[in-house]
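Single-structure report; data block below.
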Amino acid sequence: MALSVCILIICSIVILLKSMRTYTILLVCVALLLSGCGIFATKPVQTQSPTNSVDPLKKLQTDIDAVLQDPLFTTTSIGIKVVAVETGEVIYGKNTHKLHHPASTTKLFTAAAALAKLGADYRFETTVYIDADMSEGMANNIYLKGKADPVLQRNDIVKLGDALLQTGIQSVRGKIVIDATYLDRVPEGPGWMWDDRPLIISALSIREIEPDTNTWNRAYACGHLLKAALMERGVSVAGEVVSGTVPSDAKVIAKHLSPPLADILKLMNKPSDNWIAELIFKTLGAEVVGEPGTWQKGRQAVREFLGEIMDDPPAHRFVDGSGLSRYNLLNAELLVDLLVYMYQNFQLMPEYLASLPIAGVDGTLKNRMQGMYAEKVLRAKTGTLSGVSALAGYTVTADDEVFAFGILISHYIGAPALGRNIQDKIGDYLTGFSRLPEGIK
């Protein structure tokens, strides 16, 4: 259509200028008109449209998918969930509802319930008593009662003996009575493997056991330490160390208080201390449900806590506080739900977060993720049993976005490093993640 119009215009110009001896003007006009009509026009420069950039979140998900193509997962189970804690956005999920052995990530629940139910300032007590009828420097019986202090030391018992001396006691005509009734007398957790049995749980216990004492009864070991401390200081003790209970009319002489629970949780989570975890677990049972503390009451206390923070907690089973038991089962969904709740709870979050190992810095993550984005950033609890590897916690992305994540790997044969390497790669991808497209970062 445009070409036809141009031809008509040219013809008109020819008629008007046919009397002219030269056609120079005509040629110029024709050239200009043809140029204007686009016949000789230069082809416009094609501006290349920008290539559609890959969505950073989809790339992250693709990268994690690629990690999970590892041959390990042809026979191994895995469950993963990653959530942005501020918005609740699910960043990644795979088999989030499948149950796994959590191993020591169980301690995340023990720590959370303890902070919520006992408080960060809670202190464990160990108390020494005497009978009310003490006279003229002579005591009838001395009582030593433990309330599950998980960090009680030999020197703490000695100091209790020194406190007895300050009352003027010169002799004990009766016995040293140890009272460990704050917890039940079941020393081993349900579902523990036979080679975990040296971890004996008692309400009165220390780890520093003298070579000549019965290591299978830690309460008696504490009683013998107290007796020895008194005798070394010139106090004669006629009777033996026996088990019993403190009479209601007994007189309190001295009380040893543990460090605050917040400090003890660091000693539990960073090195993954099973001893501490089980004593806290049974203490939860004693304080929340009632004495004596038992594994069953500890489970009840944790269930009560989860019921308070979640309307309908995902399927799970806890039978101990450390994760040693093969009966423990949970999924990545429950792990991350807990982590999100704890992070969003201002009263609980600081002590909870401070208790977790830091990648490349301390605890069970000291030698992991070194030289990666995750180093000195990612904080998480590890979990390891034969054929089980778990990692759950928090990391901060390149955009300062906080992610909560849970990675549960189970039913594999081989070295623990197989599962850990997978977790480290995923942790590094999460920490290095940015929502900004490539080239804009």
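Just remember that our numbering sits 97 ahead of the position in the sequence shown, which is counted from 1. By construction, the Cβ of each residue, glycine as well, lies at the ideal position given by its N, Cα and C atoms.
Three-state secondary structure assigned by DSSP to residue i
| i | result |
| --- | --- |
| Phe500 | strand |
| Gly395 | helix |
| Asn442 | coil |
| Lys367 | coil |
| Val255 | helix |
| Thr224 | strand |
| Tyr491 | strand |
| Arg400 | helix |
| Asp292 | helix |
| Ala449 | Contrary to the premise, residue 449 reads as Tyr rather than Ala in this sequence. In the structure shown, Tyr449 sits in a helix (DSSP, three-state: H, G or I). |
| Lys244 | coil |
| Ala236 | strand |
| Glu535 | coil |
| Met98 | Caution applies to Met98, whose pLDDT of 47 falls short of 50 and renders its modelled position unreliable; the value that the coordinates give is listed next. Looking at Met98 - three-state DSSP - the assignment turns out to be coil, as it is neither helix nor strand. |
| Leu249 | coil |
| Ile377 | helix |
| Gly460 | helix |
| Leu421 | coil |
| Gly382 | helix |
| Leu280 | strand |
| Val269 | strand |
| Ile510 | coil |
| Val334 | strand |
Exposure of residue i, with buried meaning 16 or more beta-carbon neighbours within 10 Å
| i | result |
| --- | --- |
| Arg315 | buried |
| Ala300 | buried |
| Glu384 | buried |
| Asn252 | exposed |
| Met407 | exposed |
| Val332 | buried |
| Trp289 | buried |
| Val349 | exposed |
| Ile510 | exposed |
| Met328 | exposed |
| Ser302 | buried |
| Val339 | exposed |
| Thr264 | exposed |
beta-carbon residue i near the ligand GTP non-hydrogen atom, thresh 6 Å
| i | result |
| --- | --- |
| Asp525 | This structure does not include the ligand GTP; it has no bound ligands of any sort. |
Separation of residue j from residue i, as counted between CA atoms
| i | j | result |
| --- | --- | --- |
| Gly503 | Pro344 | 49 Å |
| Ile188 | Val399 | 28 Å |
| Leu482 | Pro534 | 40 Å |
| Glu222 | His321 | 19 Å |
| Ala236 | Lys379 | 33 Å |
| Glu430 | Thr391 | 27 Å |
| Val433 | Tyr440 | 10 Å |
| Asn464 | Tyr449 | 22 Å |
| Leu169 | Val485 | 13 Å |
| Pro447 | Asp360 | 12 Å |
| Ser369 | Glu375 | 11 Å |
| Tyr540 | Gly341 | In the structure as shown, the chain starts at 98 and stops at 538, and residue 540 therefore has no counterpart that could be examined. |
| Val151 | Gln158 | 12 Å |
| Asn371 | Gly286 | 11 Å |
| Pro454 | Thr461 | 6 Å |
| Lys156 | Leu527 | 11 Å |
| Thr492 | Val499 | 6 Å |
| Asp259 | Glu183 | 53 Å |
| Pro153 | Gln166 | 20 Å |
| His198 | Ala277 | 32 Å |
| Leu358 | Leu445 | 12 Å |
| Ala245 | Asp162 | 45 Å |
| Thr312 | Arg304 | Interpretation of Thr312 is limited by its pLDDT of 47, a score under 50 that renders its predicted location unreliable; no figure is taken from the coordinates. |
| Met66 | Val274 | No statement about residue 66 is possible, as the shown extent of the chain runs from 98 to 538 and does not include it. |
| Ala211 | Thr171 | 39 Å |
| Val255 | Arg532 | 59 Å |
N-terminal and C-terminal residue of the beta strand (DSSP E) that residue i is part of
| i | result |
| --- | --- |
| Lys77 | Residue 77 lies beyond the range of the chain shown here (98 to 538); nothing can be said about it. |
| Lys191 | 187-191 |
| Ile161 | No beta strand (DSSP E) holds Ile161; the alpha helix (DSSP H) holding it covers 153-164. |
| Ser340 | 338-340 |
| Ala477 | 476-482 |
| Ser174 | 174-181 |
| Ile303 | No beta strand (DSSP E) holds Ile303; DSSP gives it neither H nor E. |
| Val274 | 273-276 |
Residue range of the alpha helix (DSSP H) that includes residue i
| i | result |
| --- | --- |
| Gly320 | 315-329 |
| Ile519 | 513-529 |
| Leu558 | Because the chain in this structure spans residues 98 to 538, residue 558 falls outside the shown range and cannot be described. |
Proximity test, Cβ basis, 7 Å: residue i and chain C
| i | result |
| --- | --- |
| Asp370 | Absent here is chain C; the protein component of the structure consists of one chain. |
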